[in-house]
Each structure stands twice: as structure tokens, then as C-alpha cells.
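Quick notes on the structure that follows.
In my numbering, the protein residues as written are 1151 to 1447.
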């Protein structure tokens, strides 16, 4: 989790078991090659089994309100991981009805509100997270993202800075701080990103993305390095999801909205639903498509 901008999740698969027993075309050759680098990831069968167990527990087992809230939350996390956001949202709301102090559920709802551009509701949800759990690390990131898309850039920078300072060795934190700061002062943001690189691990995948932003790596090098040091079957798709998203943001900044839209589509095609980059690629794509329509008209 240190190197992934994944929403923090904790599915209680062990406790469940214990209770039961007791792509698109592209514009250039390099982009065309990128579009076929990986097939979309399919849901893990273990998640499907756990989901079936949770359904059985919630339907037939006598639970305390706290237990029922937790199982609704756990099922919501699984729904989220396989891209069933509406079902996840229902479970998170149900969990909060049963246990109103469940910070994790507020965090997910805040993410969903952000994805739907309901920014005031998102701010309230993340404020609730931090009121219940002041050290909830990723709430600073998620509220910062909501502020970023809500175009409240100075507040977004504050949250992203807080998030970054909690772990300066994390390249993703440096990237999101840069994205927010570049909307205020792009030159200063790039200078600061170069300074922050000194805190990163040289061989980390996130550092490759930072190097791309600093102009030290080409797209081809990024895609090549995405194959290095893979530790599990989905990691290549995860890295491509991230690479596509951050490349799209660069293209967007250069005013190449057609290329940006293409990369956002590629990020979505990886089906890494619970990565921050996948979550907001759809919002970014919708906004980019509006810009493309405006330019045509």
C-alpha cells in the first residue's frame, strides 16, 4: 500500500470464514502498442466466494448491530473492488445507519460523491472521517482530490501537502501534490517536485512516474519499466492504469485533449476499479469530452 494510490480497504475474509464455520484505438504507434499491452483484469474468484459468504451471513446469521454494520461495510468494499458502486454505496449507507461512527464508510461515500461531482457532500463526508479519526491518512488525499476537482485549489494544496508530509518517500503523494500545486503555479510546482524526488526510492515504480513528469523518462521507457519487478499477476495492469492516467494529465496540461481522452479510456479499460487513478479517469474523461465538443463547435 505504500507504493499504490489505492483506497485503504480491509475486507475481513478470515472473520467471515470463522463465523460461517462456527480497449480503444489510438492515434500514434506508441499509443497503439500501449492499448494492447494488457487485457482487462477479471474479478478475483476469492472475492466472489467471500461475497457469497457475506450474503449468507447477512441473510441468516444473528448479529449485533456492530457486527452487521461491519459485514455491510465489508461487502460494500468487495462491491467497490469489482466495480459495483451502487451496491457498495447502499451497503456503506446501511453500515452507517447501524454504526454512525464508522469512519471507513464515510470515506467511501466521500469518494463516490467526488466521482459524481457532488463536492459539498464529499467535503462533509471527509470532514466526518477526520472528525472521527483525525489521523486517517487517506482522508487528506481524498478530500484534497475533492477540492481539486471542485476547483478550490489552495485548499486542495493544503490537504495534499498534509498527505505528502506524512510519507515523503511515497511518489504518488508527490505527484498529487504536484497536480494541485501546478494549478496555482506550474513552474514552482515542478521545481518542488524535483526537490521531492530526492526523498523517493530510486527503483520504485512511482519514481518512474515522477521522472516522466520531470522529463527524465520517455513514454516508451515508462511502459518498459512497468514490467520490471512485478510481484503479483495484477500488478502490470495496475501500473498501466496509473501510467495511462498520469500521461493523460500531462497531455491535458499541454492542451492535447484528444490524447488525454485516449489515455483516460485506457486507464478505465484496465478494470482496476479501486485505484484512485481508475476512479477519477471517468470524471476526467467526461470533462475532457466536453472540452473536445466545445472545440469542435
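Each residue gets a CB set at the ideal place from its N, CA and C atoms; glycine is no exception.
If you draw a straight line from the alpha carbon of residue 1304 to that of residue 1204, how long is it in whole angstroms?
42 angstroms
Min CB distance residue 1355 to chain C below 8 angstroms
Protein chains in the displayed structure number just one, and chain C is not present.
Close-in-space but distant-in-sequence residues of the same chain around residue 1346 (CB under 6 angstroms, 5 per side omitted):
1324
Check this for me: beta carbons of residue 1442 and residue 1408, under 8 angstroms apart or not?
yes
Status (buried if at least 16 other CB within 10 Å, exposed otherwise) for residue 1335:
exposed
First and last residue of the alpha helix (DSSP H) that includes residue 1215?
1215-1231
Going by other Cβ atoms of all chains shown within 10 Å of its Cβ, with 16 needed for buried, is residue 1263 buried or exposed?
buried
Which of the three DSSP states, helix, strand or coil, is assigned to residue 1265?
Residue state for residue 1265 is assigned as helix, using DSSP reduced to three classes.
In angstroms, rounded to a whole number, what distance separates the CA positions of residue 1390 and residue 1376?
7 angstroms
If you run the structure through DSSP and keep just helix, strand and coil, what is residue 1411?
helix
Touch test, the segment 1290-1300 against the segment 1267-1282, Cβ-Cβ under 8 angstroms, three pairs minimum:
yes
Would residue 1321 pass as a contact of residue 1360 if the rule is Cβ separation under 8 angstroms?
yes
If we ignore side chains and look at the alpha-carbon of each, how far apart do residue 1424 and residue 1445 end up?
Using only the alpha carbons, I get a separation of about 32 angstroms.
With respect to the alpha helix (DSSP H) encompassing residue 1208, which residues constitute its N-terminal and C-terminal limits?
1195-1210
Beta carbon of residue 1410, beta carbon of residue 1398: below 8 angstroms?
yes
By a C-beta neighbour count over all protein chains shown, 10 Å radius and 16 as the cutoff for buried, is residue 1292 buried or exposed?
buried
How would you write the range of the alpha helix (DSSP H) that residue 1286 sits in, first residue to last?
Boundaries cannot be given for residue 1286, as no alpha helix (DSSP H) includes it and DSSP labels it neither H nor E.
What does the Cβ neighbour count give for residue 1245, buried or exposed, with the cut at 16 atoms within 10 Å?
In the assembly as shown, residue 1245 is a buried residue. Its beta-carbon has 16 or more other beta-carbons within 10 Å.
Quick one: Cα of residue 1236 to Cα of residue 1403, how far?
When rounded, the distance between both Cα atoms is 32 angstroms.
Measure the Cβ-Cβ separation of residue 1290 and residue 1309 and say whether it is below 8 angstroms.
yes
Taking the alpha-carbon positions, what's the residue 1233 to residue 1418 distance?
So the two alpha carbons sit approximately 11 angstroms from each other.
Do you know offhand how far residue 1343's Cα is from residue 1207's?
48 angstroms
Spatial neighbours of residue 1296 in its chain, beta-carbon cut-off 7 angstroms, leaving aside the 5 residues before and after:
1260, 1264, 1269, 1272, 1273 and 1276
C-alpha distance - residue 1242 paired with residue 1257, whole-angstrom precision
C-alpha of residue 1242 to C-alpha of residue 1257: approximately 10 angstroms in a straight line.
Using beta-carbon positions only, say whether residue 1350 and residue 1356 come within less than 8 angstroms of one another.
yes
Which term fits residue 1230, buried or exposed, when burial requires 16 or more other beta carbons within 10 angstroms of its beta carbon?
buried
Just mark residue 1422 as buried or exposed, buried being the case when its beta carbon has 16 or more other beta carbons within 10 Å.
buried
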